[in-house]
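Sequential numbering from 1 applies to the sequence shown in the UniProt record's numbering.
One structure below.
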Amino acid sequence: MSENTDLDKILNDLQSKYSNKFRLDQIHLAFQIYIDLFILKKWESVEFKNNKDLIFIYAIEKLENLNNYNIVIPCKSTSIWSLENLKETFYNLNNNDDNNNLNNNIPIDCKSFTLGIIDDDSSISYYELSYDTGLSDILTNNNK
């Protein structure tokens, strides 16, 4: 099977799995992140996961360090992220139905996630948001 055929199959599988839950543009954004991490950057494990609100990527750069995983949330460069959106995303990632089933039952305690920001020209920038680097104070104090 050629690489293009493999990618077509992956995209078709994604569309079949997620088309009744998510918009087509969300599926395509996740697919673009997959291509960037797995095909171009050669990360060793890249899996599609979802919760009720979003499709995200569970990725490990080198399999010898399974604790060094990344959760990548695909989004457009025009996406608007509020403190409430960030708080909700952390909550949803930590209360995900698949939480204990990711990559050979490695449990997740999601203290950070990475935005995979896709621009109109298809370039991708990655921006990590970490709960432990002051964001927790902002999100907690936002309710007061």
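Don't be surprised by glycine CBs; every beta carbon is placed ideally from N, CA and C.
- When the Cα atoms are used, residue 59 and residue 46 turn out to be separated by approximately 4 Å.
- For residue 114, no alpha helix (DSSP H) encloses it; the enclosing beta strand (DSSP E) starts and ends at 112 to 118.
- In this structure, DSSP gives residue 66 a state outside helix and strand, which the three-state scheme calls coil.
- Counting only residues of its own chain and dropping the five nearest sequence neighbours on each side, residue 77 has a CB closer than 6 Å to the CB of 117, 119.
- With a threshold of 16 other beta carbon atoms within 10 Å, residue 81 falls short and is exposed.
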